[in-house]
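Structure first, then comments.
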Amino acid sequence: MISTDTPPFDLIIVGGGINGAGIARDAAGRGLTVLLAEQDDLAAATSQWSTKLIHGGLRYLEHFEFRLVAESLAEREILLEEAPHLVEPLAFVLPHEPHLRPAWMIRMGLFLYDRIGGKTVLPKSFGVKLAGSRWGAGLRPQFARGFVYADARVDDARLVLENALDARARGADVRVRTRVTAARRDEGMWVVTLATSDGVTTEVRGRALVNAAGPWVKHMLDHIGAAPVNAQVRHVKGSHIVVPRVHPEEHAYILQNADKRIVFVIPYQDHYSLIGTTDVPVDDFEHPEITEDEITYLLELANTYLEKRLVRSDVVWTYSGVRPLYDDGTSDPSAITRDYVFKVDALGGAPGPGCAPVLSIFGGKITTYRKLAESALALLAPYLPAMKAEWTRTAALPGGDLPGGDRNAWYATLCARYPALPADLLRGLARRYGARAVTVLGDRTTMGDLGRDFGGGLTAREIDFVMDEEWALTADDVLWRRTKCGLPMSRAQRNAVADYCAGRALATKARQ
Ligand SMILES: Cc1cc2nc3c(=O)[nH]c(=O)nc-3n(C[C@H](O)[C@H](O)[C@H](O)COP(=O)(O)OP(=O)(O)OC[C@H]3O[C@@H](n4cnc5c(N)ncnc54)[C@H](O)[C@@H]3O)c2cc1C
15 MISTDTPPFD
25 LIIVGGGING
35 AGIARDAAGR
45 GLTVLLAEQD
55 DLAAATSQWS
65 TKLIHGGLRY
75 LEHFEFRLVA
85 ESLAEREILL
95 EEAPHLVEPL
105 AFVLPHEPHL
115 RPAWMIRMGL
125 FLYDRIGGKT
135 VLPKSFGVKL
145 AGSRWGAGLR
155 PQFARGFVYA
165 DARVDDARLV
175 LENALDARAR
185 GADVRVRTRV
195 TAARRDEGMW
205 VVTLATSDGV
215 TTEVRGRALV
225 NAAGPWVKHM
235 LDHIGAAPVN
245 AQVRHVKGSH
255 IVVPRVHPEE
265 HAYILQNADK
275 RIVFVIPYQD
285 HYSLIGTTDV
295 PVDDFEHPEI
305 TEDEITYLLE
315 LANTYLEKRL
325 VRSDVVWTYS
335 GVRPLYDDGT
345 SDPSAITRDY
355 VFKVDALGGA
365 PGPGCAPVLS
375 IFGGKITTYR
385 KLAESALALL
395 APYLPAMKAE
405 WTRTAALPGG
415 DLPGGDRNAW
425 YATLCARYPA
435 LPADLLRGLA
445 RRYGARAVTV
455 LGDRTTMGDL
465 GRDFGGGLTA
475 REIDFVMDEE
485 WALTADDVLW
495 RRTKCGLPMS
505 RAQRNAVADY
515 CAGRALATKA
525 RQ
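Residues in the sequence shown are numbered from 15 upward in steps of one, following our numbering.
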């Protein structure tokens, strides 16, 4: 329980998704003392189930979300620079369907999209012939023309993780598998109850509280001693399917459906295509699962465009996440704003120390997390006068300091340095860890040095690394969040990883 000798934290953050981790990193770098509590693993909720795009959101222009698109595109530039190993440029091809959206409208939208975010390192959009060209790879020949524009993709779960790693490196206390079960104000401070998954309960004090609980944001607010806020969250499920790669080229497709929704088909993990997403309002946001109707919807839409018909048995993996959207009163789930909204509640009087503010986050995108963190801290600054100036705009994330910011050149460097290791394994490590790949490998130059080979590009050495350095504990943490090595593995291979993780976790516990 609480000891009054323990100094209070400046900031206690509930939730280790992208927004909580991003705020923890920013705040720790500004000299604040920070505690981040995540009830599960980092990125275990919405932040690992995204479409994995760092994008402005071309379709948001149709909903006049110009502020969000401009901010997202500007953030895309920053993230391409700060995390070149995790954030990668990606070309998108939009097959033209005149009865759905006229060419003039698409040209106008793309003209704006190329410019609204300011300067970009990515190429501008252009029109293309699809039939018979590489831009139409895998499509039915009837799609004769289209448009190409640039955006980026990301490893969403690792982006969260690397923000948490940087937060820890800057002094933050990051506690995973630690649930905030209660919070109350006492003498101008927050007193927060934390319960670990082992059943240990403690209390900590904090000058300010951030409620970055994602889908649980309202639930959290309803269970702490704060004034009721005038905001609701809309839970909208989005699901994806993964199928064997539908074309060999590097670009993604953005496909228009007759219902005006769009669906992406994105090259994924070398051998697969990721197809999504859907928009389904849900009440149960804790355990989202794809339905057969969603699978059929995604397959049918893809099959409208693809030359080689996809069938149910092509689906090798599916996942679903729940968007915690700010309820702006719109009935169409696809049209609800994807922008973020803050609600701050503090004790009365002029904003200042001793007001015990709580800032709650509604909505948001992976893409805008860095700017969201800056804006959140700007709102909390009057309450935390020790806070230093903004700094994250030009600071690389862990592993992001690649020579020349060039991930391909870095991969070539790794191949030259570790010539006896398989190229696929090195590419996986370069993508996941960037410059930190050499920390994972050290002076281990052969497969024998890396311990057991579990398949899927995963070795015992990498599991040890993520369990020792990156808070991984279970097979799910390792196979689906720290890496995506679970995807090509057989069930038996995944079980072997689970046994290894369990054995290692037990041994660590016994030593403590
Ligand atoms: C299908 C889908 C596709 C998307 N695609 C994109 C995309 O391509 N690009 C993009 O930019 N954005 C995308 N998004 C949006 C983006 O994923 C979300 O906006 C973002 O991940 C939300 O992050 P968060 O940190 O707010 O929430 P979360 O990631 O859900 O994190 C909240 C965390 O709080 C924890 N928590 C809750 N209660 C407690 C408690 N009491 N104690 C401790 N911890 C607690 C939870 O366990 C959770 O880990 C997509 C979203 C979905 C669902």
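Even for Gly, the Cβ is constructed at its ideal location relative to N, Cα and C. Just so we're clear, the structure is a prediction, and the values are computed from it rather than from any experiment.
Could you tell me which residues DSSP pairs with residue i in its beta bridges?
| i | result |
| --- | --- |
| TRP204 | ARG199, GLY220 |
| HIS254 | GLY290, TYR333 |
| GLN270 | ILE276 |
| ILE350 | In the DSSP output, where bridge partners are listed per residue, ILE350 has none listed. |
| TYR163 | PHE106 |
| ILE375 | PHE356 |
| ASN177 | The partner list for ASN177 (beta bridge, DSSP) is empty, contrary to what the question assumes. |
| GLY141 | PHE161 |
| ARG248 | LEU339 |
| ASP478 | DSSP, once it has assigned bridges, lists no residue as partnering ASP478. |
| PRO281 | SER287 |
Nearest-angstrom Cα distance between residue i and residue j?
| i | j | result |
| --- | --- | --- |
| GLY413 | ALA449 | 4 Å |
| GLY29 | ARG191 | 10 Å |
| GLY469 | MET503 | 6 Å |
| GLY500 | VAL492 | 8 Å |
| THR18 | PHE479 | Note on THR18: pLDDT 49, under 50, position unreliable in the model; the coordinate value appears next. Going from the Cα of THR18 to the Cα of PHE479 covers about 36 Å. |
| LEU269 | PRO116 | 14 Å |
| ASP170 | ILE289 | 16 Å |
| LEU428 | ALA444 | 8 Å |
| ALA256 | ASN317 | One detail in the question is off: residue 256 reads as Val in this sequence, not Ala. Between VAL256 and ASN317, the C-alpha separation is close to 14 Å. |
| GLU476 | ILE27 | 29 Å |
| TRP485 | TYR447 | 15 Å |
| GLY419 | GLU306 | 42 Å |
| GLN507 | ALA426 | 29 Å |
| LEU361 | ARG198 | 12 Å |
| GLY34 | LYS138 | 33 Å |
| ARG90 | ARG458 | 35 Å |
| ARG421 | LEU144 | 29 Å |
| PRO417 | TRP424 | 7 Å |
| GLY363 | GLY343 | 32 Å |
| SER147 | PHE376 | 43 Å |
| ARG73 | ILE276 | 8 Å |
| ARG337 | GLN283 | 24 Å |
| LYS322 | ARG154 | 8 Å |
Quick check: does the Cβ of residue i come within less than 7 Å of any heavy atom belonging to ligand 1?
| i | result |
| --- | --- |
| THR381 | yes |
| ILE304 | no |
| ASN271 | no |
| LYS274 | no |
| VAL480 | no |
| ALA164 | no |
| HIS249 | no |
| LEU67 | yes |
| ASN177 | no |
| ARG496 | no |
| ILE280 | no |
| GLY30 | yes |
| THR291 | yes |
| ILE84 | The amino acid at residue 84 is misidentified as Ile; the sequence shows Ala. Result no, Cβ not under 7 Å from ligand 1. |
| TRP424 | no |
| GLY470 | no |
| SER389 | no |
| VAL336 | yes |
Can you have a look at residue i and say buried or exposed, based on whether 16 or more other CB atoms are within 10 angstroms of its CB?
| i | result |
| --- | --- |
| HIS254 | buried |
| LEU520 | exposed |
| PHE80 | exposed |
| GLY529 | A query on residue 529 cannot be resolved here, the shown segment of the chain reaching from 15 to 526 and no further. |
| PRO98 | buried |
| GLU52 | buried |
| PRO371 | buried |
| ASP200 | exposed |
| ARG234 | Residue identity check: residue 234 is Met in the sequence provided, not Arg. That one is buried. |
| ASN244 | exposed |
| PRO258 | exposed |
| HIS301 | exposed |
| THR460 | exposed |
| THR453 | exposed |
| MET401 | buried |
| VAL279 | buried |
Verify the contact flag: residue i, CB atom, against every heavy atom of ligand 3, threshold strictly below 7 Å.
| i | result |
| --- | --- |
| LEU108 | Although ligand 3 was asked about, the structure shown includes only ligand 1 as ligands. |
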